[in-house]
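Please read the structure below before turning to the comments.
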Amino acid sequence: MKKYFLLTPGPTPVPPEVSSAEAQPILHHRTSEFGKIFVEVIEGMKYVFQTKNDVLMVTGSGTAAMEAAVVNLLSAGDEVIVASCGNFGDRWENICNAYGVKVHKIAVEWGQAINPKDIENLLKQNKNIKAVFTTHTETSTGIVNDIEAIGKIVKNTDAVLVVDTVSGLVNQKFLTDEWNVDVAVTGSQKGLMCPPGLSFATVSSKAWQLVEKSTLPKFYLDFKKMRKSIDNKETPFTPAVSLVVAIHKAIEIIKEKTLQKIWEDTEKLAKATRAAIKAMGLKIFCDEKHISNVVTPISMPEGIDGQKVVKTLREEFGVSIAGGQGKLRGKIVRIAHMGYIDKTDLVVGISFLEVVLKRFGVNIEIGSGTKAFQQVLEE
1 MKKYFLLTPG PTPVPPEVSS AEAQPILHHR TSEFGKIFVE VIEGMKYVFQ
51 TKNDVLMVTG SGTAAMEAAV VNLLSAGDEV IVASCGNFGD RWENICNAYG
101 VKVHKIAVEW GQAINPKDIE NLLKQNKNIK AVFTTHTETS TGIVNDIEAI
151 GKIVKNTDAV LVVDTVSGLV NQKFLTDEWN VDVAVTGSQK GLMCPPGLSF
201 ATVSSKAWQL VEKSTLPKFY LDFKKMRKSI DNKETPFTPA VSLVVAIHKA
251 IEIIKEKTLQ KIWEDTEKLA KATRAAIKAM GLKIFCDEKH ISNVVTPISM
301 PEGIDGQKVV KTLREEFGVS IAGGQGKLRG KIVRIAHMGY IDKTDLVVGI
351 SFLEVVLKRF GVNIEIGSGT KAFQQVLEE
């Protein structure tokens, strides 16, 4: 029986305590027992998001919450800005296009961050913009965007700021209210250390004004239904009951450790991982001035297929890392250091990455990466 090490940027490993909570006998979703847990999850997520705004729960992965944000805020023909620096930024554009929303796209080269000034200039040029959509940490490229700066710009307009923090939340500093984020969305399978299947959205008072005017079709993803149900300590439809119980435990773990400590520890693991990659003679794919703490994107040497590296690591050594997405497929690999991933997992992953790359003909000194990793941890 092979032991597996999950080092992908989602899903991420689940702590035993969370798995045990999920495995408890299932509750009926219209009972006071479940209602208490559900309300505590909603309140707990306010801490996780660092917000006093409404938090709504969607049964579905992070993309469900993204789609919910679009259909609840907008009407057909509305104009929006999508600021994209990678695959998940492009997803905002794809969702908006599916619903007949007019997109003004700001696109930067993959591996670079969004320039807040570009958003500011476009907002000045077009006073009809209803929303600005962007990404906190773009896991396809390893970039973190300056959401605080973008928030300062958008708050002085009639537009709302909508941010995908599916991978960033918990793992990297994110202050919903302080940064003037009107709608933030996340999923259960990354920093929240749970299996996929739940997502959450914050909604500010400014955003609720748009919700009241929205005419895009919605039924299951209706924010107004969700908010009304919370008042009755329930959900509009049957939720993923066991996942709610699991995330209740995960929030308890996060609160006990504190967000600040998690942010610091994740940053340390990120720095150690990057030191390891450089010691192996490899290059970081993205602009390191704007690199996120959740994932390290590694450019593959000439002639090395990243997908084959990923496949060999998983099949022979039980180590799962991620390949490149879209135009980066085969060109990069990505190692996550978020959620329940710890230094032991990463040492194992780095050591076998050395082995696989050397086998493929890359000139690597075995042990160079793991040594550099451990040295950073001891600083």
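Note that this note's numbering has the sequence shown beginning at 1, numbered continuously upward. From the three backbone atoms N, C-alpha and C, an ideal C-beta is built for every residue, glycine too.
Own chain partners of residue i with C-beta closer than 6 Å, once the 5 adjacent residues on each side are dropped
i	result
P301	V362
P196	P11, S61, Q189
T165	H136, F174, A184, T186
G86	W110, E138, S140, T141
K225	P236
G168	H136, T137, F174
V211	N72, F223
P370	Here the sequence assigns Thr to residue 370, which means Pro is not the residue at that position. V347, I350, S351, listed in sequence order.
R314	S320
K46	V55
K124	none
I251	G44
Residues near residue i by beta carbon distance below 8 Å, same chain, minus five either side
i	result
V19	Just to set this straight, residue 19 is Ser in the shown sequence, not Val. The residues are A246.
A287	What sits at residue 287 in the sequence shown is Asp, not Ala. The residues are G111, Q112, A113, I143.
V71	Y99, S214, L216, P217, K218, L221
G318	K2, K3, Y4, F5
I253	P15, E17, V18, M193
E233	The sequence given here places Lys at residue 233; Glu does not occur at that position. Result list for K233: S32, G35, K36, F38, V39, in chain order.
Test item: CB-CB of residue i and residue j under 8 Å
i	j	result
V203	D90	no
S368	A279	yes
S199	A98	no
I95	I129	no
S320	F5	yes
V309	V333	yes
M66	W92	yes
D146	P116	yes
V376	M193	no
V170	L259	yes
G191	G339	yes
I341	L7	yes
A240	A69	no
Residue span of the alpha helix (DSSP H) that contains residue i, given as start and end
i	result
H104	First-last for H104: 102 to 107, but that is the beta strand (DSSP E), not the alpha helix (DSSP H).
S229	223 to 231
T273	259 to 279
G349	343 to 359
D118	116 to 125
I153	147 to 154
S368	368 to 377
S32	32 to 49
T296	First-last for T296: 295 to 299, but that is the beta strand (DSSP E), not the alpha helix (DSSP H).
G62	62 to 73
G306	306 to 317
I95	87 to 98
Residue i classed as buried or exposed, judged by whether at least 16 other C-beta atoms fall within 10 angstroms
i	result
Q172	buried
E22	buried
E205	Correcting the residue identity first, residue 205 is Ser in this sequence and not Glu. Label assigned to S205: exposed.
A270	buried
F49	buried
A76	exposed
I366	exposed
I277	buried
H337	buried
K311	exposed
P9	buried
P297	buried
K52	exposed
S32	exposed
H28	exposed
T176	buried
G306	buried
K249	buried
E354	buried
G326	exposed
N-terminal and C-terminal residue of the beta strand (DSSP E) that residue i is part of
i	result
S20	Careful: S20 lies outside any beta strand (DSSP E), inside the alpha helix (DSSP H) at 16 to 22.
F133	129 to 135
E79	79 to 84
T59	54 to 59
T186	183 to 187
F200	198 to 203
I332	332 to 336
D164	160 to 164
Cβ-heavy atom distance, residue i to the ligand HEM, below 7 Å
i	result
R329	For the ligand HEM, the structure offers nothing, since it holds no ligand at all.
Other residues of its chain near residue i: CB distance less than 7 Å, five sequence neighbours each side excluded
i	result
L161	V132, I150, G151, V154, N180, V181, D182
L122	I81, H104, I106
W263	Q172, K173
F373	A272, T273, A275, A276, L346, V347, I350
N126	E79, H104
Q24	V245
Next item on the list: Determine contact between the region 241 to 255 and the region 30 to 45, defined as no fewer than three beta-carbon pairs at a distance below 8 Å.
Entry: yes
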